[in-house]
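Residue numbers (this note's numbering): 1 to 231.
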């Protein structure tokens, strides 16, 4: 099995016109999808957006495109799948039994493959507060909005990758700013839930970070960066 790329927390420069830390397969799929999705308000977000901003270098299996426009997911879905198919990719829609009626208005997930590799492409609706940054891959979610949505994700799901990304954000933003951005995006975040996320990190075994290529020194640095997080 191919070893996931080693994570580099930080590095890069915000506003870089040419995306540097993204695999060609991911770059091509994202560029094609954004080429037809941009007019529906879609921007690149999620883990790949963190990569292209130079914040982290870590393994990801998804491309996440977000729009803040009602009805845009359904409107763009056919165009995106047709464009990817025309480019030679195999595209299959993923449907889960847990999806509620009407959920497909704001969420579509696709399996995209080139015969050797595959990824999950997600089209979904998510509010944002800042205009996107234009990069060679297409419009990319503004770093403020990336940080805000990532902190909200960390509080709600506590995935290892979320801790990695938030620790990287703290190299550029003070903790107070990070939390303020998250609250501005999601005013339902409760202080106790934020503190729970900090306490959960304290219980996480260092080995959980190994899948993302972090060794003992990198994990120690991450924990140090997140030490001021509320507990």
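Yeah, the Cβ is synthetic: ideal placement off N, Cα and C, and Gly gets one too.
Note that the coordinates shown come from a computational prediction; the quantities given were computed from them, not determined experimentally.
Report task. Report the partner residues of residue 63 according to the DSSP bridge assignment. Result -> 121
Query - Cβ-based burial, residue 39 [other Cβ within 10 Å; buried from 16] - result: exposed
Query raised in the report: residue 173 to residue 151, Cα distance in whole Å?
Result: 12 Å
Report task. For residue 11, collect the residues of the same chain with a Cβ closer than 7 Å to its Cβ; drop the 5 residues on either side in sequence, then sort them by chain order. Result -> Caution applies to residue 11, whose pLDDT of 39 falls short of 50 and renders its modelled position unreliable; the value that the coordinates give is listed next. Taken in chain order, the residues that qualify are 54.
**Report entry** Neighbourhood of residue 121 by C-beta, 6 Å cutoff - its chain only, sequence neighbours within 5 removed
**Finding:** 63, 110, 112
Query raised in the report: So the alpha helix (DSSP H) residue 92 belongs to, where does it begin and stop?
Result: Not the alpha helix (DSSP H): residue 92 falls in the beta strand (DSSP E), residues 90-94.
Query raised in the report: Secondary structure at residue 185, three-state DSSP: helix, strand or coil?
Result: helix
Query raised in the report: So is residue 101 buried or exposed if we call it buried at 16+ other beta carbons inside 10 Å?
Result: Here the model assigns residue 101 a pLDDT of 49, short of 50, so the residue's position is not dependable, and the following value carries that caveat. The residue is exposed, with fewer than 16 neighbouring Cβ atoms inside 10 Å.
Report task. Measure how close the beta-carbons of residue 168 and residue 178 come, nearest whole angstrom, since I'm counting them as under 8 Å. Result -> Residue 168 to residue 178, Cβ: 11 Å. No contact.
Report task. Output the distance between the C-alpha atoms of residue 171 and residue 56, rounded to the nearest integer angstrom. Result -> 11 Å
Requested in this report: Name the residue from 131, 135, 164, 25 whose alpha carbon lies nearest to the alpha carbon of residue 61.
Outcome: 25
Query - Residues near residue 199 by beta carbon distance below 6 Å, same chain, minus five either side - result: 231
Query raised in the report: In terms of alpha-carbon separation, which member of 157, 139, 27, 183 lies closest to residue 66?
Result: 139
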